[in-house]
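Input: a single structure, listed below in structure tokens.
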Amino acid sequence: MQKIQRGEKKKTIQFSSQLDGHLLLSLSTPSPPLGLPQRPPRPSAAAKSHPTPSPLNYSTYKAAPPPPTRETAMTSAIVPSLGEVAVALRRKAAEMASTAAAASSQGCISWALRQRGLGGGGARAVPVLPRRRFCVSAAAGAGFDNENREYVIVGGGNAAGYAARTFVEHGMADGRLCIVSKEAYPPYERPALTKGYLFPPDKKPARLPGFHTCVGSGGQRQTAEWYKENGIEVLYEDPVVAFDGKTHTLKTSSGKILKYGSLIISTGCEASRLPAKIGGNLPGVHYIRDVADADSLVSSLGKAKKIVVIGGGYIGMEVAAAACGWNLDTTIIFPEDHIMPRLFTPSLAKKYEELYQQNGVKFIKGALIDKLEAGSDGRVSSAVLEDGSVVEADTVIVGIGARPVIGPFEAVGVNTKVGGIEVDSLFRTSIPGIFAIGDVAAFPLKMYDRMTRVEHVDHARKSAHHCVEALLTSHTKPYDYLPYFYSRVFEYEGSSRKIWWQFYGDNGTLAKQLKWEALNQRLLPSGLTLEFSLLPQLAKSQPVVDKAKLKSATSVEDALEIARSSLHSGSSV
């Protein structure tokens, strides 16, 4: 728990709900000044796979790391020598595995070094399962435009940044790894674009380089200099437009021909757009996927008076909350009966909507957009609904979902049911040596026994790490992911109530429900250590909980204790 400075108050509200197998924690409103990165209070091992997002002090995004204390200076003088040994051992292990794989014509056996401590025990070679990896030396083949060819990542989003970190941790990035990106910046924590990035200039907005990966998970800030220092080749603003699996080559929009040994597809998603014929491309109509999009929106917000947000999901709700920091007339329009229909029950959504209404946000529910109209200056001036009503707006933000960016990798294998490139539990595609991670990957969700895609930063981080571990080591443990979502809103400086919530579980599983209505539809204090460890367990095991007892609970502690006791009853849904 964060310490509250003298004279400050901590206001928190929380709700818990399991919706068709989900466990939803938290509307939390901590008000003390918090820095980045931060972690939940002493989570148990069961909770470590889902660290609680701490509300951000966006003013610290741009700050340099604090100067080392005497203790940290002494540690940094000692640890690097051990780290260098570990990195050297991992590099040697991967090199031996690569050599053995190349030497085996059948590809049936590869070898890896398994380190038994840093000293005394030495290392021994052990047979492991075949690695689907193809190594290409820098000298192999002439006429290619990338120097680093052994491993190539296509895409420059969150997953790419976390994959790069894992390569570095294994000592396999320097001179080996190349990242090809359509963006002008190294990978960054994309969630900031609809949160802190949209704050007004006088309310400490987030800006690069403050939120490069991997600060969102408490890791190092990986700036352009970090990639150079670690020998990683990054090609900026040059997306891949063609792919040849037979020759192991890629072609970029500028005409570069790139060679790869192992390929990781991390192309993410693109925003779903309104058709141009109904005004989807008018000046003043915005979509958010990258920094350039966010910069354009910030420019519009600075001049706007009335904004319309189309969509009541993640993007819509976060953008609307940020717009409140500009004191703008804000209306959210969506076709469903309530906001966040994939996660929230109607009564839960109602409470959340009330928080927005207290900030002046208006809702138009059950409505469809017929067209967006332009004014005399050519900019959007209004949204016309299918029932003929007109909502004035000089800025429109469209948040109606996203689509996986599959092209030009359709031949790798697409899952037509959930979209995305189909992979197995190690993120391997149907073509040896090619992997897919993050939003674009259609993977087996083990705990619910079905294929799915997850468009969330938590999965991007974890899938990247899991994939690279499988690629570089003898690691063959299947990806066992617990779906996890969170949001933070109204966090701009001067906000009267900063809110964040977390959600554990999957929305596609039919199960008995532990509804928040069982707590008499009350918003309760949150932030307890027990919550951080217990809720993931409840989401995974889905125990049968006595709702009558829950209704009699008078505190979160009591409710959590009732839920925890259900874990030991031996019954689950």
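For the sequence shown, full-length UniProt numbering assigns the number 1 to the initial residue and increments by one for each residue that follows.
All C-beta atoms in this analysis are idealised placements derived from N, C-alpha and C, irrespective of residue type, glycine included.
query                                                                                                                        : result
Beta-carbon proximity of Gly161 to Pro186, cut-off 9 Å                                                                       : yes
Beta-carbon proximity list for Ser254, same chain, < 8 Å, skipping 5 on both sides                                           : Asp238
Exposed unless 16 or more other CB atoms sit within 10 angstroms - verdict on Gly505                                         : buried
Contact set for Ile288: own chain, Cβ-Cβ below 8 Å, skip 5 residues either direction                                         : Leu193, Thr194, Ala271, Ala294, Leu297, Ile315, Val319, Ile397 and Gly399
Straight-line gap, Glu491 to Ala322 (C-alpha atoms, nearest Å)                                                               : 8 Å
DSSP three-state assignment for Pro483, whether helix, strand or coil                                                        : coil
Three CB pairs or more closer than 8 Å across the region 229 to 236 and the region 163 to 173                                : yes
Pairwise C-alpha distance: Leu426 and Lys477                                                                                 : 8 Å
Own chain, CB closer than 6 Å to Glu422, minus 5 neighbours either side, in chain order                                      : Gly413, Asn415 and Ala442
Backbone secondary structure at Val291 - three-state DSSP                                                                    : helix
Length-filtered (3 minimum) beta strand (DSSP E) runs lying within the region 374 to 410                                     : 380 to 385, 390 to 392, 395 to 398 and 402 to 404
Residues sharing a beta bridge with Met451, DSSP                                                                             : Pro444
Extent of the continuous beta strand (DSSP E) run through Ile562                                                             : No beta strand (DSSP E) holds Ile562; the alpha helix (DSSP H) holding it covers Val556 to Leu567.
Nearest-angstrom Cα separation, counted from Leu471 out to Gly261                                                            : 12 Å
Gln502 in three-state terms, based on DSSP                                                                                   : strand
Nearest-angstrom Cβ-Cβ length linking Gly155 and Thr267, presumed shorter than 8 Å                                           : 4 Å
Beta-carbon gap between Gly388 and Pro404 smaller than 9 Å                                                                   : no
Nearest neighbour of Leu368, chosen from Gly375, Glu169, Glu336 and Gly302 [CA to CA]                                        : Glu336
Continuous alpha helix (DSSP H) stretch holding Phe167: start and end                                                        : Asn158 to Glu169
Run of the alpha helix (DSSP H) containing Val468, from where it starts to where it stops                                    : Val457 to Leu472
As assigned by DSSP and simplified to three states, the class of Cys135                                                      : Low confidence applies here, because Cys135 scores a pLDDT of 44, under 50, leaving its location unreliable and the question unanswered by this model.
C-alpha distance - Asp329 paired with Phe363, whole-angstrom precision                                                       : 12 Å
Simplified DSSP assignment, three categories, for Arg190                                                                     : helix
Gly196, buried or exposed, once every other Cβ within 10 Å from all chains shown has been counted against 16                 : buried
Status (buried if at least 16 other CB within 10 Å, exposed otherwise) for Asn327                                            : exposed
Chain-order list of residues whose beta-carbon lies under 7 Å from that of Thr75 (same chain, five-residue window excluded)  : Only weak support is given to the placement of Thr75: the predicted model assigns it a pLDDT of 31, under 50, and the question is left unresolved by the model.
Reference Ile431, options Leu263, Met447 and Ile333, closest by Cα                                                           : Leu263
Cα-Cα separation, Pro543 to Ala553                                                                                           : 18 Å
Beta strand (DSSP E) segment containing Ile333, residue limits                                                               : Asp329 to Ile333
9 Å Cβ cutoff met for residue 581 and Val241                                                                                 : Residue 581 lies beyond the residue range present for the chain, which begins at 1 and ends at 573; the question has no answer from this structure.
Collapsed DSSP secondary structure at Ala276 in the structure displayed                                                      : helix
Sub-9 Å separation of Val215 and Glu183 beta-carbons                                                                         : no
Close Cβ partners of Val468 (< 7 Å) along its chain, the five nearest in sequence each way excluded                          : Ala163, Thr166 and Phe167
Contact set for Leu282: own chain, Cβ-Cβ below 7 Å, skip 5 residues either direction                                         : Leu372, Ala374, Arg379 and Val380
Nearest-angstrom Cα separation, counted from Lys498 out to Val556                                                            : 20 Å
Beta-carbon contacts of Ser382 that lie in its chain and below 7 Å, excluding the five residues immediately before and after : Glu373, Val390, Val391, Glu392 and Ala393
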